[in-house]
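These notes are about the structure you will find just below.
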Amino acid sequence: MVVNLSEQYSLLSDWIGEIRDEEIQKDRLRFRRNLERIGEVAAYEISKTLKHNPKDVQTPLGVANVKVLSEQPVLCTILRAGLPLHQGLLNFFDKADNGFISAYRKHNRDGSFEISLEYVSCPDLEGRVVIISDPMLATGASLVKTIRYLREEGHPAEIHVVVAIACTVGIEYVLRGEPQCKIWCGAIDDELTAKGYIVPGLGDAGDLAFGSKAQM
Ligand code: URA
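Residue numbers (the numbering used here): 16 to 231.
Given below as structure tokens:
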């Protein structure tokens, strides 16, 4: 299942426009905050699909029957670019457990790259709803590698993927490898360059959020 959150007009489209805009991108605080807001909207949309239980709550005037989330999800993100989107999800799923994964592109001399998965810090995922965030779904290679690893570590009941911008080939790659996962996208672009950048995309999300890095 793929949900394109900007298919319907909403404030989210403004924030997607801002994270793409090379002038507004110069304001790193705004770039990170916009990713966070996209994470917040995605959390709200995902919450509509999750199980809720009835609960009686004592108010100062009586008893109200409310609905509460049956169980807390596990929010996992891919370092470092995923952090602002993750924070947005955590602002709304504020009682969630959290996992962190370091997956990065290890470049070869010929320009090709492999995904290297190094640091993983996750709670037990058995039977849990797992929400993985990464701002850009480009080739999909790091997401598939991460999902496979998490499936081997535990057996999550559901896997949701939240991205700000996805490209069509990346979505197809993830759904071919992991057909049960649900992908929530802020926007979908059609082009992917040979170097694995989404066009028009927004550039390098990690650099825009946190500054450039010396390591390739
Ligand atoms: N990662 C990014 O930061 N940008 C892209 O376009 C693709 C992957």
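We treat Cβ as the ideally placed atom computed from N, Cα and C, and that holds for glycine.
Interface flag, residue i vs chain C, CB-CB below 7 Å
| i | result |
| --- | --- |
| arginine 124 | No chain C appears in the structure shown, which is made up of a single protein chain. |
Nearest neighbour of residue i, chosen from the options [CA to CA]
| i | options | result |
| --- | --- | --- |
| alanine 232 | Gly32, Glu51 and Lys66 | In the structure as shown, the chain starts at 16 and stops at 231, and residue 232 therefore has no counterpart that could be examined. |
| serine 28 | Ser227, Val214, Cys200 and Ile146 | Cys200 |
| glycine 32 | Ala202, Ala224, Phe225 and Asp219 | Ala202 |
| glutamate 167 | Ser157, Asp139, Arg191 and Ala153 | Asp139 |
| serine 85 | Asn68, Ser131 and Cys91 | Asn68 |
| asparagine 19 | Gln230, Lys228, Ser227 and Leu152 | Leu152 |
Cut-off 6 Å between Cβ atoms - residues of its own chain near residue i, not counting five sequence neighbours on either side
| i | result |
| --- | --- |
| glutamine 87 | Lys110 and Ala111 |
| glycine 221 | Arg95 and Ala96 |
Own chain partners of residue i with C-beta closer than 8 Å, once the 5 adjacent residues on each side are dropped
| i | result |
| --- | --- |
| leucine 25 | Note on identity: in this sequence residue 25 is serine, with leucine being the wrong assignment. Excluding positions up to five away in sequence, the list reads Val56. |
| asparagine 123 | Glu129 |
Cβ neighbour criterion (16 or more within 10 Å) applied to residue i
| i | result |
| --- | --- |
| threonine 64 | exposed |
| valine 214 | exposed |
| serine 157 | buried |
| serine 254 | Outside the shown range of the chain (16 to 231) lies residue 254, about which nothing can therefore be said. |
Close Cβ partners of residue i (< 7 Å) along its chain, the five nearest in sequence each way excluded
| i | result |
| --- | --- |
| arginine 35 | Pro215 and Leu217 |
**Request:** Could you name each continuous beta strand (DSSP E) segment of 3 residues or more that falls completely within the region 91 to 151, going from the start of the chain to the end?
**Result:** 112 to 122, 128 to 136 and 144 to 148
**Asked** Considering only residues of the region 16 to 47, which uninterrupted beta strand (DSSP E) runs meet the minimum length of 3 residues and lie entirely inside it, listed in chain order?
**Response** 17 to 19
**Asked** Quick one: complete alpha helix (DSSP H) runs, 4+ long, within the region 166 to 229?
**Response** 183 to 192 and 220 to 225
**Asked** Is the region 180 to 197 touching the region 156 to 168 in the sense that three or more CB pairs, one from each, lie closer than 8 Å?
**Response** yes
**Asked** Would the region 57 to 67 and the region 180 to 189 be scored as touching if the rule is three or more Cβ pairs under 8 Å?
**Response** no
**Request:** Report yes or no: do three or more beta-carbon pairs, one from the region 69 to 89 and one from the region 202 to 221, lie closer than 8 Å?
**Result:** no
**Prompt:** Can we say the region 44 to 52 touches the region 97 to 108, given the rule of at least three CB pairs closer than 8 Å?
**Reply:** yes
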